[in-house]
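Q: Numbering (this note's numbering), first residue to last: 8 to 273. Each residue gets a CB set at the ideal place from its N, CA and C atoms; glycine is no exception. Note that this is a predicted model, so its numbers are computed, not measured.
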Ligand code: IPD
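Right under this line is the structure:
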């Protein structure tokens, strides 16, 4: 991997892919050896494993080598973007609870943004050997196959992904909201990794996905992949943490249904 400083999006995508793959290999190897030491963060159910920490350290090491001097924002160590500059946004294991239990639905999410806009991205699902990637304006792919969102047009026949907060009181409000949504759609899925949920929208495996409480590292890669596959993506506006991504035929209906079901007070 060259350390050329260009921000050609295809080159950025190649870097994101290489980082996601190498970090993915590490987390799978560490999982085989057991999850190791587990600590908690915002609540007793919000965990961080030794693999999360080691994986972010590896991502930072690779990026320092291949993209020297460019800042990194990561779930475990934080970091800050600077105006007008590229910033790498890394979730070393998205779906940490799944990882902890040995459930293979977890991802490594790597994006590069400028001024909050994702330019290139990769999400690896290392337990399945799957890799999604996208470059702004160049489409989204999974393992070399170009992606297109589903053609759903009827909300009542749509499969919608959701996610829940680690905080009990917010989770109770989210539960009330989804209880209202459930009779109006085909069904809900709560798979446990926002990055993979967004890739699922890109792949047509879900017709839409929405979650309150996401952090930039949860969505920076998946949102670009979904958008490049044709999804309408509404990123969290300033002061909010609500993200919605859906195939164009249902996005307005889904947003309206969620508002009717209390999305504004979640
Ligand atoms: C979590 C997952 C989960 C979502 C949470 C995220 P983490 O990320 O994406 O699906 O519901 O909001 O925090 O903690 O596993 O990296």
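With a threshold of 16 other CB atoms inside 10 Å of the CB of residue 22, please say whether the residue is buried or exposed.
A: Translated into positions along the chain shown, residue 22 becomes position 15. The residue is buried, with at least 16 neighbouring Cβ atoms inside 10 Å.
Q: Quick check on DSSP: helix, strand or coil for residue 60?
A: Residue numbering aside, residue 60 sits at position 53 when the chain shown is read from its first letter. Reduced to three states, the DSSP call for residue 60 is helix.
Q: Rounded to the nearest angstrom, what separates residue 219 and residue 228 at their Cα positions?
A: Locating residue 219 in the chain shown gives position 212, counting from the first residue. Locating residue 228 in the chain shown gives position 221, counting from the first residue. Whole-angstrom Cα-Cα distance: 17 Å.
Q: Is DSSP giving residue 140 helix, strand or coil here?
A: The residue given as residue 140 occupies position 133 in the chain shown. DSSP places residue 140 in strand when its eight states are reduced to three.
Q: So the beta strand (DSSP E) residue 309 belongs to, where does it begin and stop?
A: There is simply no residue 309 to check, as the chain begins at 8 and stops at 273 in what is shown.
Q: Enumerate, from N- to C-terminal direction, the unbroken beta strand (DSSP E) stretches of 3 or more residues contained entirely within the segment 106-162.
A: 114-121, 124-132, 137-142 and 147-149, all fully within the segment 106-162.
Q: Measure how close the beta-carbons of residue 45 and residue 107 come, nearest whole angstrom, since I'm counting them as under 8 Å.
A: As a position in the chain shown, residue 45 is number 38, starting the count at 1. As a position in the chain shown, residue 107 is number 100, starting the count at 1. Between residue 107 and residue 45 the Cβ distance is about 7 Å, and since that is below 8 Å, they are a contact.
Q: Return yes when the C-beta of residue 100 is under 7 Å from any heavy atom of the ligand GTP, and no when it is not.
A: For the structure depicted, the ligand GTP is absent and the ligand set comprises only the ligand IPD.
Q: How many Å lie between residue 27 and residue 222 at the Cα?
A: Counting from 1 along the chain shown, the entry for residue 27 is found at position 20. Counting from 1 along the chain shown, the entry for residue 222 is found at position 215. The alpha-carbon atoms of residue 27 and residue 222 are separated by roughly 18 Å.
Q: Hey, could you find the ends of the beta strand (DSSP E) residue 18 is sitting in?
A: Stepping through the chain shown from its first residue, residue 18 is reached at position 11. It is not in any beta strand (DSSP E) - residue 18 instead sits in the alpha helix (DSSP H) that spans 16-39.
Q: So what's residue 176 in DSSP terms, helix, strand or just coil?
A: On the chain shown, residue 176 is found 169 positions in, with the first residue counted as 1. If DSSP states are grouped into helix, strand and coil, residue 176 belongs with the helices.
Q: With a Cβ-Cβ cutoff of 8 Å, do residue 80 and residue 86 count as a contact?
A: Within the chain shown, the letter at position 73 stands for residue 80. Within the chain shown, the letter at position 79 stands for residue 86. Yes, the pair counts as a contact, with Cβ atoms nearer than the cut-off.
Q: Would you give the residue range spanned by the alpha helix (DSSP H) that residue 44 belongs to?
A: Locating residue 44 in the chain shown gives position 37, where the first residue counts as 1. Taken as a continuous stretch (DSSP letters only), residue 44 belongs to no alpha helix (DSSP H), as it is neither H nor E.
Q: Between which residues of its own chain and residue 171 is the CB-CB distance below 6 Å, once the five residues before and five after are set aside?
A: For the purposes of this step, residue 171 is taken as residue 164 along the chain shown, with counting starting at 1. Cβ within range, chain order: 178 and 181.
Q: Could you give the distance in angstroms between the alpha-carbon of residue 259 and the alpha-carbon of residue 271?
A: Taking the first residue of the chain shown as 1, we reach residue 259 at position 252. Taking the first residue of the chain shown as 1, we reach residue 271 at position 264. Looking at the two C-alpha atoms, the distance is approximately 15 Å.
Q: Specify the secondary structure class of residue 221 as computed by DSSP and reduced to three states.
A: Within the chain shown, the letter at position 214 stands for residue 221. Three-state result, residue 221: coil.
Q: Whole angstroms are fine: how far does the CA of residue 18 sit from the CA of residue 8?
A: Working through the chain shown from its first residue, we reach residue 8 at position 1. Working through the chain shown from its first residue, we reach residue 18 at position 11. Unreliable positioning characterises residue 8 in this predicted model, as indicated by a pLDDT of 45, which lies under 50. The coordinate reading is nonetheless provided below. One C-alpha to the other measures close to 10 Å.
Q: Applying the criterion that 16 or more other CB atoms from any shown protein chain within 10 Å of the CB defines a buried residue, is residue 152 buried or exposed?
A: Numbered from 1 along the chain shown, position 145 holds the residue referred to as residue 152. Looking at its Cβ environment, which holds fewer than 16 other Cβ atoms inside 10 Å, residue 152 is exposed.
Q: So, helix, strand or coil for residue 192, using DSSP?
A: For the purposes of this step, residue 192 is taken as the residue at position 185 of the chain shown. In this structure, residue 192 counts as coil in the three-state DSSP scheme.
Q: Take the Cβ of residue 267 as the centre, count every other Cβ of all protein chains shown within 10 Å, and call the residue buried at 16 or more, exposed below.
A: As a first step, residue 267 must be located in the chain shown, where it is residue number 260. Looking at its Cβ environment, which holds fewer than 16 other Cβ atoms inside 10 Å, residue 267 is exposed.
Q: Assuming residue 168 and residue 110 are in contact, meaning their beta carbons sit under 8 Å apart, how far apart are those beta carbons, in whole angstroms?
A: Locating residue 168 in the chain shown gives position 161, where the first residue counts as 1. Locating residue 110 in the chain shown gives position 103, where the first residue counts as 1. Not confirmed; about 16 Å, so no contact.
Q: Given the structure, does residue 248 come close to the ligand IPD, in the sense that its CB is under 7 Å from one of the ligand's heavy atoms?
A: As a first step, residue 248 must be located in the chain shown, where it is residue number 241. Flag unset: Cβ of residue 248 not near the ligand IPD.
Q: Return yes when the Cβ of residue 209 is within less than 8 Å of the Cβ of residue 250, no when it is not.
A: Translated into the one-based positions of the chain shown, residue 250 becomes position 243. Translated into the one-based positions of the chain shown, residue 209 becomes position 202. In this structure, residue 209 does not lie closer than 8 Å to residue 250 by Cβ.
Q: Considering only heavy atoms of the ligand IPD, does any lie closer than 7 Å to the CB of residue 171?
A: Taking the chain shown and counting its residues from 1, one reaches residue 171 at position 164. At least one heavy atom of the ligand IPD is nearer than 7 Å to the Cβ of residue 171, so yes.
Q: Can you tell me which of 235, 59, 112 and 126 puts its alpha carbon nearest to the alpha carbon of residue 202?
A: Locating residue 202 in the chain shown gives position 195, where the first residue counts as 1. Minimum Cα distance to residue 202 is reached at 112.
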